[in-house]
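If you count the sequence shown from 1, position 196 lands on 204 in this note's numbering, and the numbers rise without skipping. C-beta: ideal position from N, C-alpha, C; glycine also.
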Amino acid sequence: MGKKLIIANWKMNLTVNEASLYVHKLDKLAGKLKHTEVVLAPTMLALQPLNMQVQHHHFNLAAQNFYWRDRGAYTGEVSAAQLRGVVRYGIVGHSERRHIFAERSKDIRSKVQAAVRNNIVPVLCIGETAQERADKETSDVIRDQLVGGLANITSVEVGQIVIAYEPVWSIGTGKFASPRDVERAVKYIRLQVEHLFGKVASEKVRVLYGGSVNPDNAVTYLRIPGVDGLLIGESSLDVYAFANVIKKCETTFSTSAKKGK
Ligand code: 13P
């Protein structure tokens with residue numbers, strides 16, 4: 009079994025100094041990690057200063073966003089080419105980017121491709137809104153967002169990326185998706201990846217769950233078959249809560265490893 013991947017998406021929170029202090033505290037609280045890969049997605053400003061600090065602590069960094077062109081006259085943008093070597097992961101197609109900043113499928117697949125081109129692992133976020141859920145369109149949305157997001161990359165590349173299932177209605181709302189619904193969605197994601205890119209890609213691709221994850225429900229989501237980790241917003245802002253999630257993950261999977269599960 010591979011390590012569980014736990015990503016803290018701080019969104020537009022924490023200053024550079026606060027981020028640095030957080031990393032320092034997290035290292036002390038989390039201790040040695042055997043079963044968990046921890047990734048922090050701070051504000052763009054903090055990526056460079058945190059780069060040295062996290063290497064030392066064995067955490068990885070993710071960009072919350074980037075532009076898909078490598079360089080040029082794009083005022084205010086940061087490219088994946090500029091982030092190369094600074095981050096290991098890049099979040100793409102987060103629902104806040106889709107809905108607040110009107111990112112379209114076309115932008116999202118170009119970003120996925122730009123990340124891959126620049127040696128950054130894309131974390132492609134997909135998920136249905138409350139309305140789409142009420143209209144029983146969850147599967148259609150998942151399929152469309154996968155087709156739209158992955159169109160520019162190869163099967164081998166798909167096997168190396170991360171897909172995060174984040175139902176929009178659960179993000180930042182405290183409304184929990186049921187483990188059954190998450191299991192069904194994750195199964196469906198792998199099935200679609202298999203149809204589009206083959207069995208190897210569908211088995212290799214890592215799938216995360218995100219949406220109102222906290223220290224109390226994290227293990228429930230982590231235990232769902234097919235879930236390789238978590239993408240956490242709000243609760244990751246509190247270093248104690250986030251460290252708690254990590255510790256619970258470590259304990260859960262070290263016990264499973266001992267039992268040979
Ligand atoms: P919350 O954990 O605050 O629901 O946010 C999830 C999310 O959007 C992570 O990218």
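Under the three-state reduction of DSSP output, S186 falls in the coil class, being neither helix nor strand.
Residue nearest to E104 within the set Y173, G206, K19 is K19 (criterion: CA-CA distance). C-alpha of V124 to C-alpha of V86: approximately 16 Å in a straight line. In the DSSP annotation of this structure, I15 is not part of any alpha helix (DSSP H); the continuous beta strand (DSSP E) holding it starts and ends at 12-17.
In summary, K12 is buried, with 16 or more beta-carbon neighbours lying within 10 Å of its beta-carbon over all protein chains present. For Y217, the enclosing beta strand (DSSP E) covers residues 214-218. Here DSSP, grouped into helix, strand and coil, assigns T263 to helix.
Rounded to the nearest angstrom, the gap between the Cα atoms of C133 and A172 is 5 Å. Going by DSSP, I171 is part of no alpha helix (DSSP H) but of the beta strand (DSSP E) stretching over 170-173. A direct Cα-to-Cα measurement between Q56 and Y30 gives close to 15 Å.
Per the coordinates, the alpha-carbon of V208 lies some 8 Å from the alpha-carbon of E202. DSSP, reduced to helix, strand and coil, places E211 within a helical segment of the structure shown. Comparing alpha carbon positions, the residue from V47, S28, M9 closest to L53 is S28. Counting only the Cα atoms, T263 lies some 17 Å from P233.
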